[in-house]
Amino acid sequence: ALKQAVSEARVVYLTRGVPGPPNLPLVGCVPTVLNLFSDGRATLESMIKDYGNTVRLRLLNRVLIIAMDPDDVQAVCTHPALGSKPQLYSDLLGPHMGVGLVNLNGPTHRRHRKAITPSLHFDILKDFVPIFARNSELLVARLKAQHAGGNPFNIQKEFGRLTSTTFIQTVLSCQEGTATDIANVAKEADLLDEASHLMMWRAMRPWWFSDTVFKLLSAQAEPYFRTSRIMDQMVKRVLEDKLGEVARGEAPPPRRRMAFLDHVLRSQEGGLMSSDELREELKTFLFVGASTSMDYLSLMAYILSYFPDVQRKVHEELDSVFGAPGTPGSDRRITTDDLAHLEYTDRVLKEVLRYAPPIAVIFRVATEDVKLPSGTLVPQGCYVGVVPAGTHRIPEHYDDPERFDPDRFLAERSRGRHPYAYIPFSAGARNCIGLRYALMLAKTVTANLLRSFTILRAPGSPDRLADVKMDFSLTMSVHGGAYVRLQRRPAAAAAAR
Ligand code: HEM
């Protein structure tokens, strides 16, 4: 404890010259951190204005250096002494996600990456597109039935159900009519959705970080631990079934029906993990994948509700690929080949990730003293944070950064941009392993949603997107929920009249 206290005092002392919000006695910058939770973007903007691209936040006895300059971001993402995640990740996410890539460090982390990477190859992911397509068709049908009257609703809830279902199917089992048939996963999907919400809910409330206090005083503790336990049992059951199939030498399911788990169990590299380790990784994938994808889709729909012109261009592109609504074939199922033709939609989705990156902060802890390119010293034991939304708003890299402009991602306008100025998926050895999955899912869902609808702003929402409050915790979301309205696109003949 003494060693720890000396190390913390050293960090506080050596970073005292780094600009940052004033500290209250003992607790540090608690007010700023709470403001980040409830109105993250505005707080971040005023921090950048007041202190620049490197900001020091002290919270109790810990110091966090936020590094936003792309050269510093590159150092954080690639320096061997900054490759470790702090204990915070295990404490906050561990009860649900277990011990997986997100919170592992060192050689075990590298071994798991090696074991998993081949099972997320593009050739495997493209077999998931029919599942993405079918689930988003079901979503559109439900939205037509329930929300086509133009009533405002929180679209995040709908996306939560969609992504939970999709992840259970693609990660655990896509097979129908077998012992591990969980194709009818509504119950499990609701549970995963509830569990993810509880996980993020707690991550935004530092006063509940202590397990003892949480269990004693919070009404959410019971559902929090219950959902975590049931999810754990479900994953265990499916894994045991599948391990049994492999042990009995049963033939693998047809390739198009193989889930991520089937691939890992049958790949040579998958053998690098024990079955307990694999179980933890499956939970990690379910929780991280479903919740980040839900946030991404919700931010996409909410942001687009502010930009009818951008939607019009997406509609034109979709109509050029599928035909206008109501024309023969216009409601055919989307394919992987179609995704490659949706270039404007692709730029829109990239700009959503620039404007509102769903992962709000990436934490690291320094395992030795490191000097960042900006000259800031990150002493051993100090936390360092990359905040993509801050980096994505530096005017030298993005002119007029508050403007939502998908054409920033045209090849000619992206040329020469610093490679670490766009980091929604982080970068380097610990970048997002599900990046490609996330993009394919988001594009399929966005295309299917906009084939049928125009997204309108909900009454009462701020006039300008720049005035919308965004919550920042580990993830970013619209404060109060992603409320929008939907309008059915008219059939081509009706539109022409
Ligand atoms: C738009 C959706 C997504 C975004 C914005 C996103 C972003 C990120 C970011 C920024 C990191 C680095 C976090 C850090 O170092 O603290 C990360 C890591 C990770 N992501 Fe994603 N992610 C998304 C979707 C997914 C999906 C769909 C999956 C699974 C299929 C996934 C699995 C992971 C895993 C396992 C890690 C940990 C990688 C490691 O440390 O080796 N993510 N993600």
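Throughout the sequence shown, residue numbering follows the numbering used here, covering -8 to 488 in sequence.
We treat Cβ as the ideally placed atom computed from N, Cα and C, and that holds for glycine.
Quantities reported herein were computed from a predicted structural model and do not represent experimental measurements.
Please say whether A412 and T382 have beta carbons closer to each other than 8 Å? yes
Is it buried or exposed, G425, if we count other Cβ atoms within 10 angstroms and call 16 or more buried? buried
By DSSP, does V46 sit in helix, in strand, or in coil? strand
In whole angstroms, give me the CA-to-CA distance for L447 and A315. 20 Å
Any beta carbon from chain B within less than 8 Å of N126's own beta carbon? In summary, chain B is missing from the structure at hand, where a single protein chain is found.
Beta strand (DSSP E) runs contained entirely in the segment 236 to 304, provided each spans 3 or more residues: none
Cα separation between N52 and V375? 14 Å
Same chain, Cβ closer than 7 Å to P364, neighbours up to 5 away in sequence not counted: D62, D63, A66
Starting from M88 and walking both ways along the alpha helix (DSSP H), at which residues does that stretch end? 78 to 88
Which runs of the beta strand (DSSP E) spanning at least 3 residues fall entirely within the segment 85 to 146, listed in chain order? none
Would DSSP call D223 helix, strand or coil? helix
T318 to P481, Cα distance in whole Å? 11 Å
Following a CB-centred definition, is H383 positioned closer than 7 Å to any heavy atom of ligand 1? no
Are the segment 239 to 250 and the segment 65 to 82 touching, with three or more C-beta to C-beta distances below 8 Å? no
Out of V301, S110, C373, V378, which has the shortest C-alpha to C-alpha gap to T348? A quick correction: the sequence has Pro, not Thr, at residue 348. Among V301, S110, C373, V378, the Cα nearest to that of P348 is on V378.
Is F313 close to ligand 1? I mean its beta-carbon at under 7 Å from any heavy atom of the ligand. no
Quick one: Cα of L277 to Cα of L183, how far? 8 Å
What separation, rounded to the nearest whole angstrom, lies between the Cα atoms of K460 and D30? 5 Å
Do you know whose CA, among K105, V46, Q147, P12, lies nearest M291's CA? Q147
Would you decide whether E342 is buried or exposed? Buried here means 16 or more other CB atoms lie within 10 Å of its CB. buried
Report the rounded CA-to-CA distance for H87 versus K(-6), giving the unit in angstroms. 31 Å
Got a sec, what are the start and stop residues for the beta strand (DSSP E) A58 sits in? 53 to 58
Rounded to a whole number of angstroms, what is the C-alpha to C-alpha distance between L116 and M285? 18 Å
Under the criterion of a Cβ to heavy atom distance below 7 Å, does C423 qualify as lining ligand 1? yes
L273 versus L35, R228, F354, R442, residue with shortest Cα-Cα distance: R228
Mind checking whether the beta-carbon of H100 lies closer than 7 Å to any heavy atom of ligand 1? yes
Select from T45, T6, F28, R49 the residue whose C-alpha is nearest the C-alpha of P13. R49
When you measure from the CB of R7 to every non-hydrogen atom of ligand 1, does any distance come out below 7 Å? no
Would you be able to state if there are at least three C-beta pairs under 8 Å between the segment 397 to 413 and the segment 33 to 40? no
Going by the beta-carbon positions, is the gap between V255 and S110 smaller than 8 Å? yes
With a cut-off of 8 Å on the beta carbons, I'd call V339 and V369 a contact; round off their distance for me. Actually they do not touch by this definition, with Cβ atoms about 36 Å apart.
Alpha carbons only, please: which of Y297, P386, E236, A418 is nearest the one belonging to I353? A418
Y428 classed as buried or exposed, judged by whether at least 16 other C-beta atoms fall within 10 angstroms: buried
By how many angstroms is the C-alpha of P71 removed from the C-alpha of Y4? 24 Å
With the cut-off set at 8 Å, would you say E260 and G91 are in Cβ contact? no
Measuring CA to CA, which of E185, S468, A132 is closest to I350? S468
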